[in-house]
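Asker: Below you'll find the structure I mean.
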Amino acid sequence: MEIIFEKQIYLWFLLSIPIIIIVHFATLKASSSKAIRFANFQAIQRITGGQNLSKNFFLLTIRVIIILLFVFALSGITLSYTGQGSNFDFALAIDSSNSMLIQDLQPNRLEVAKESAINFIDSLRSNNGVSIISFGSTSLIESSLTNDRFESKGAIRRINIQETGGTAVGDAILSSVNSLVTSNKPKVVILLTDGRGNSGVNIEDAVDYAKIRQTTVNTIGIGTVEGAEYTSGVNLTLDETTLKEIALMTNGKYFLADSKEALDQAYKEIAGTTETTVYNNLALTFTMLALFLLLLEWMLLNTKYRTIP
Numbered sequence: 154m155e156i157i158f159e160k161q162i163y164l165w166f167l168l169s170i171p172i173i174i175i176v177h178f179a180t181l182k183a184s185s186s187k188a189i190r191f192a193n194f195q196a197i198q199r200i201t202g203g204q205n206l207s208k209n210f211f212l213l214t215i216r217v218i219i220i221l222l223f224v225f226a227l228s229g230i231t232l233s234y235t236g237q238g239s240n241f242d243f244a245l246a247i248d249s250s251n252s253m254l255i256q257d258l259q260p261n262r263l264e265v266a267k268e269s270a271i272n273f274i275d276s277l278r279s280n281n282g283v284s285i286i287s288f289g290s291t292s293l294i295e296s297s298l299t300n301d302r303f304e305s306k307g308a309i310r311r312i313n314i315q316e317t318g319g320t321a322v323g324d325a326i327l328s329s330v331n332s333l334v335t336s337n338k339p340k341v342v343i344l345l346t347d348g349r350g351n352s353g354v355n356i357e358d359a360v361d362y363a364k365i366r367q368t369t370v371n372t373i374g375i376g377t378v379e380g381a382e383y384t385s386g387v388n389l390t391l392d393e394t395t396l397k398e399i400a401l402m403t404n405g406k407y408f409l410a411d412s413k414e415a416l417d418q419a420y421k422e423i424a425g426t427t428e429t430t431v432y433n434n435l436a437l438t439f440t441m442l443a444l445f446l447l448l449l450e451w452m453l454l455n456t457k458y459r460t461i462p
């Protein structure tokens, strides 16, 4: 279980709480001075039993709670926990950099990735939406979020190798998350790559963005851990460490696909997932509680804690 604040900048308003406490006691002191000058102590003691002036700690507590609730609501407080889910929307991001032409998987990594991705889409429920992203040195949304299987599979078949060098893993995460922004279901990104991020947006920033947008990222490393010859004398290896960290930080899973069978199994496990991270935005609940306490404070100020002229 984790508490997330989507707009952390608003948490600075919590600094107003000490000010409210100081003002409360300063006002109380001023009221006490007036009471000393004008009060009929004998009458007050008979009525109050000796307590000449209430410190109104109850009202102060209510005011502090109201501020806390409003600030947390503005900050987009969200409770995340692991729960059961039966309906997801997916963003499928496929590496289309030059290295995906390596033939350690036949006929090459990209064609195997595309074939398995199509099989994955065929295995989904009819209400699972899918968006398709390709990425090399830049990321491209090949197909927006849709339930049209024909469109999704067509977008996968149209993915071609990007001629420019580089693998923008961070960009791929951002584009995938953005492609799911209209979804009101649990959101899952499947990121498939055979290399390491070496261009574009910083991966850590992209992962933070995915967390803020309440999106799980499953990562698939395609190829062997030992790597394969990319060009003469250059051996390309997987950055498993980073892919595992991306998955771990977003409550996803990492899969090593060193064969067509392993890749199919990874997709099968993702498609059959019933456990997901559930996000419960508490902003509206906190706002309603704050308004209720605000009304309660107003009633108390006009009844029990009313100031007599």
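Plus 153 on top of the position in the sequence shown (first one is 1) and you've got the numbering used here.
The beta carbon of each residue, even a glycine, is placed where N, CA and C say it ideally should be.
Predicted model, so just to flag it, every value in this text is computed and none were measured.
Using a Cβ-Cβ cutoff of less than 7 Å, which residues in the same chain neighbour S305 once the five nearest sequence positions on both sides are dropped?
Answerer: The residue given as residue 305 occupies position 152 in the sequence shown. Hits under 7 Å: I274, V283, I285, S296 and T299.
Asker: Taking the C-alpha atoms as reference points, what is the distance between V265 and L409?
Answerer: Translated into positions along the sequence shown, residue 265 becomes position 112. Translated into positions along the sequence shown, residue 409 becomes position 256. Going from the Cα of V265 to the Cα of L409 covers about 14 Å.
Asker: Out of curiosity, what's the CA-to-CA distance linking K338 and T369?
Answerer: Walking along the sequence shown from the start, residue 338 turns up at place 185. Walking along the sequence shown from the start, residue 369 turns up at place 216. One C-alpha to the other measures close to 12 Å.
Asker: Whole-angstrom Cβ separation of I373 and L391, contact assumed at under 8 Å?
Answerer: For this step, residue 373 is matched to residue 220 along the sequence shown. For this step, residue 391 is matched to residue 238 along the sequence shown. With a Cβ gap of about 10 Å, I373 and L391 do not count as contacting.
Asker: With DSSP run on the structure shown, which of helix, strand or coil describes N261?
Answerer: Working through the sequence shown from its first residue, we reach residue 261 at position 108. Looking at N261 - three-state DSSP - the assignment turns out to be coil, as it is neither helix nor strand.
Asker: Near L213, which residues of its chain fall below 6 Å by C-beta distance, leaving aside the five closest residues on each side in sequence?
Answerer: By 1-based counting over the sequence shown, the position of residue 213 is 60. Around L213: H177.
Asker: So the candidates are G289, L245, F288 and N251; which of them puts its Cα closest to the Cα of E268?
Answerer: The residue you call residue 268 lines up with position 115 of the sequence shown. Distance check between E268 and each of G289, L245, F288 and N251 places L245 closest, using alpha-carbon atoms only.
Asker: By alpha-carbon positions, which one of E316, T291 and P171 ends up nearest to G323?
Answerer: Here residue 323 refers to the residue found at position 170 of the sequence shown. Comparing Cα positions, the closest option is T291.
Asker: Give the secondary structure of L333 by DSSP, where H, G and I count as helix, E and B as strand, and everything else as coil.
Answerer: Numbered from 1 along the sequence shown, position 180 holds the residue referred to as residue 333. It is coil, neither helix nor strand.
Asker: Can you list, in chain order, the residues of its chain with a C-beta nearer than 8 Å to that of V378? Leave out the 5 residues immediately preceding and following it.
Answerer: As a first step, residue 378 is located in the sequence shown; it is residue number 225 there, counting from the start. Answer for V378: T390, L391, E393, L409 and D411, listed in chain order.
Asker: Let me check understanding here. Comparing Cα to Cα, which of I399, I220 and L293 lies closest to A363?
Answerer: Here residue 363 corresponds to residue number 210 of the sequence shown, with the count starting at 1. Closest by alpha carbon: I399.
Asker: Hey, S252 and G348: beta-carbon distance below 8 Å or not?
Answerer: For the purposes of this step, residue 252 is identified with residue 99 of the sequence shown, where counting begins at 1. For the purposes of this step, residue 348 is identified with residue 195 of the sequence shown, where counting begins at 1. A contact, by the Cβ cut-off of 8 Å.
Asker: Look at the Cβ atom of L258, then the Cβ atom of K160, and state whether they are nearer than 8 Å.
Answerer: Looking up residue 258 in the sequence shown gives position 105. Looking up residue 160 in the sequence shown gives position 7. No; because the gap between Cβ atoms is not below 8 Å, this pair is not in contact.
Asker: What three-state label does DSSP hand E450 in the structure shown?
Answerer: Taking the first residue of the sequence shown as position 1, residue 450 is located at position 297. DSSP, reduced to helix, strand and coil, places E450 within a helical segment of the structure shown.
Asker: Using DSSP's beta-bridge definition, name the partner residues of N371.
Answerer: Working through the sequence shown from its first residue, we reach residue 371 at position 218. Beta-bridge pairing links N371 to I343.
Asker: Starting from the C-beta of N433, find all residues in its chain whose C-beta is less than 6 Å away, skip the five residues before and the five after it, and write them out in chain order.
Answerer: As a first step, residue 433 must be located in the sequence shown, where it is residue number 280. For N433, where only same-chain residues beyond five positions count, the Cβ hits under 6 Å are L232.
Asker: Using a threshold of 8 Å, state whether the C-beta atoms of F223 and A443 are closer than that.
Answerer: Reading the sequence shown from its first residue, position 70 is the one you call residue 223. Reading the sequence shown from its first residue, position 290 is the one you call residue 443. Cβ atoms of F223 and A443: closer than 8 Å.
Asker: Can you find a C-beta in chain C that's less than 8 Å from the C-beta of Y163?
Answerer: Protein chains in the displayed structure number just one, and chain C is not present.
Asker: Less than 7 Å between C-beta atoms, sequence neighbours within five positions excluded: which residues of the same chain meet that for L167?
Answerer: Numbered from its first residue, the sequence shown carries residue 167 at position 14. Excluding sequence neighbours, L167 sits near V224.
Asker: So who's on the other strand from N251, going by DSSP bridges?
Answerer: Reading the sequence shown from its first residue, position 98 is the one you call residue 251. Bridge partners of N251: none, in fact.
Asker: So, under 8 Å CB-CB, Y163 and L227 are touching, yes? Tell me the CB distance rounded to an integer number of Å.
Answerer: Counting from 1 along the sequence shown, the entry for residue 163 is found at position 10. Counting from 1 along the sequence shown, the entry for residue 227 is found at position 74. The Cβ separation is near 4 Å, so the contact holds.
Asker: Go ahead and label F288 buried or exposed: buried means 16 or more other beta carbons lie within 10 angstroms of its beta carbon, across all protein chains shown.
Answerer: Numbered from 1 along the sequence shown, position 135 holds the residue referred to as residue 288. It is buried - the Cβ of F288 has at least 16 other Cβ atoms within 10 Å.
Asker: To the nearest angstrom, how far is the alpha carbon of L261 from that of I156?
Answerer: Indexing the sequence shown from 1 puts residue 261 at position 108. Indexing the sequence shown from 1 puts residue 156 at position 3. Inspection of the sequence shows that residue 261 is occupied by Asn rather than by Leu. Those two C-alpha atoms are separated by around 43 Å.
Asker: Along the beta strand (DSSP E) that carries Y407, what are the first and last residues, could you check?
Answerer: The residue labelled residue 407 in the question sits at position 254 within the sequence shown. Its beta strand (DSSP E) spans residues Y407 to A410.
Asker: Taking the straight line between their C-alpha atoms, what separation do you get for L449 and A179?
Answerer: For the purposes of this step, residue 449 is identified with residue 296 of the sequence shown, where counting begins at 1. For the purposes of this step, residue 179 is identified with residue 26 of the sequence shown, where counting begins at 1. A straight line joining the alpha-carbon of L449 with that of A179 spans about 23 Å.
Asker: So for Q204, helix, strand or coil by DSSP?
Answerer: Walking along the sequence shown from the start, residue 204 turns up at place 51. Note that Q204 has pLDDT 48, beneath the 50 cutoff, so the model's placement of it is unreliable and no number is given.
Asker: Report back the beta-carbon spacing between A359 and L327 to the nearest angstrom; my notes put them in contact at under 8 Å.
Answerer: If you number the sequence shown from 1, residue 359 lands on position 206. If you number the sequence shown from 1, residue 327 lands on position 174. That belief holds up - the Cβ atoms of A359 and L327 are roughly 5 Å apart, short of 8 Å.
Asker: Straight-line CA distance for F243 to N209?
Answerer: Taking the first residue of the sequence shown as position 1, residue 243 is located at position 90. Taking the first residue of the sequence shown as position 1, residue 209 is located at position 56. Approximately 54 Å between the Cα atoms of the pair.
Asker: Would you mind reading off the limits of the beta strand (DSSP E) that contains T299?
Answerer: Locating residue 299 in the sequence shown gives position 146, counting from the first residue. Taken as a continuous stretch (DSSP letters only), the beta strand (DSSP E) holding T299 covers S292 to T299.
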